[in-house]
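Residue numbers (the numbering used here): 13 to 174. We treat Cβ as the ideally placed atom computed from N, Cα and C, and that holds for glycine. Down below is the structure, laid out as structure tokens.
Structure below.
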């Protein structure tokens with residue numbers, strides 16, 4: 013099996029972070045880019061995305077598979093069957109502290125090349141997410157870092173940029 017034939021790391025990372033959240037008493041949430049392949053209550057979709065609580069207390073029959081995440085959950089008191097292709101998951105994080113991981117969009121979710129020429133001001137700044145590492149020695153090779161370094165060393169965290 014060569015590099016082009018290997019399976020995606022995304023489902024394994026989702027399972028690992030779900031387990032980490034559960035082991036530490038945190039509530040795992042997933043952010044999902046919704047399209048016709050995603051089975052969720054559409055009335056809860058906002059800007060083409062939905063955030064789902066995938067903790068064991070909020071779900072029934074949770075399956076974190078390599079291709080799909082499926083479970084039963086209540087929305088407004090009504091039980092619903094949820095099915096999300098793993099490729100549509102754009103982040104998994106702990107509700108309590110925001111620590112987690114964002115994933116690059118799948119190729120079919122990438123905007124067309126002409127979209128990249130749009131001015132930055134057209135992007136919704138409330139939807140931007142920045143991964144921040146505050147461990148010493150984790151500096152990127154980017155000569156223009158996104159902000160000042162943290163005052164004291166802490167664990168990496170998912171930070172929402174506004």
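Note to self: Helix, strand or coil for residue 23? Go by DSSP, reduced to three states.
What the structure shows: helix
Notebook entry, point to check: Under three-state DSSP, which class holds residue 98?
Noted result: helix
Check: Which residue comes first and which comes last in the beta strand (DSSP E) that contains residue 58?
Finding: No beta strand (DSSP E) holds residue 58; DSSP gives it neither H nor E.
Notebook entry, point to check: Taking the C-alpha atoms as reference points, what is the distance between residue 88 and residue 24?
Noted result: 31 Å
Notebook entry, point to check: Is residue 102 closer than 8 Å to residue 43 when the C-beta atoms are compared?
Noted result: yes
Item checked: As assigned by DSSP and simplified to three states, the class of residue 35 -> helix
Check: Is DSSP giving residue 85 helix, strand or coil here?
Finding: strand
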